[in-house]
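Numbering (UniProt numbering), first residue to last: 1 to 158. Everything on this sheet refers to the single structure shown next.
Set out below in structure tokens:
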């Protein structure tokens with residue numbers, strides 16, 4: 001490579017760098033709106049996008065009732081085995097056996113936040129929350145039981 005070609009390459013590199021920095025310089029001297037958020041100082045005013053998906057949660061009402069029937073549709077829809085539904089059979093007043101949710105195990109460390117489980121749920125029992133601070137020292141803390149202790153299925157949900 002000749003010295004002339006080398007100088008030409010250096011000149012083109014500087015020219016390209018300045019072209020890219022032009023936009024940055026413009027916003028530095030003429031800020032239209034500030035889009036950078038000062039996390040974690042702004043936790044009280046932090047606004048996440050509505051479509052942000054943080055983790056799966058099971059909705060419970062004030063009576064500690066949920067809408068999960070234990071159908072395992074969310075478990076089947078999950079692409080990497082993040083959800084494990086443990087069911088039991090309850091005896092109805094008619095004397096028939098009916099499948100019911102015993103434990104809803106959610107492995108947050110495996111979740112890709114794809115929302116397929118929420119879409120597959122026929123009763124709308126689970127949803128994606130906007131929680132995003134999941135740093136822990138022990139990985140076992142990322143395995144969560146979503147149904148609260150003593151919770152039961154809401155009447156009328158089939």
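Glycine residues also receive a C-beta, built at the ideal position from the N, C-alpha and C atoms.
Beta-bridge partners of residue i, as assigned by DSSP
i, result
"residue 65", "152"
"residue 89", "99"
"residue 126", "58"
"residue 82", "DSSP, once it has assigned bridges, lists no residue as partnering residue 82."
"residue 145", "105"
For residue j and residue i, the rounded distance between their alpha carbons
i, j, result
"residue 6", "residue 18", "19 Å"
"residue 90", "residue 114", "32 Å"
"residue 105", "residue 36", "36 Å"
"residue 187", "residue 39", "Residue 187 is absent from the structure shown; the chain starts at 1 and stops at 158."
"residue 61", "residue 151", "10 Å"
"residue 50", "residue 56", "15 Å"
"residue 31", "residue 25", "10 Å"
"residue 10", "residue 76", "56 Å"
"residue 149", "residue 44", "30 Å"
"residue 88", "residue 95", "15 Å"
"residue 13", "residue 137", "45 Å"
"residue 20", "residue 8", "19 Å"
"residue 41", "residue 132", "15 Å"
"residue 118", "residue 1", "60 Å"
"residue 134", "residue 27", "33 Å"
CB contact flag (residue i, residue j, <8 Å)
i, j, result
"residue 127", "residue 46", "no"
"residue 101", "residue 70", "yes"
"residue 103", "residue 63", "no"
"residue 65", "residue 154", "yes"
"residue 68", "residue 125", "yes"
"residue 52", "residue 130", "yes"
For residue j and residue i, believed in contact at Cβ under 8 Å, the rounded distance
i, j, result
"residue 83", "residue 74", "5 Å"
"residue 79", "residue 48", "Wrong, their Cβ atoms sit about 24 Å apart, outside the cutoff."
"residue 98", "residue 92", "5 Å"
Quiz item: Counting Cβ pairs, one atom from each stretch, are 3 or more of them under 8 Å apart for the stretch 106-123 and the stretch 142-150?
Solution: Result yes; three or more Cβ-Cβ pairs closer than 8 Å.
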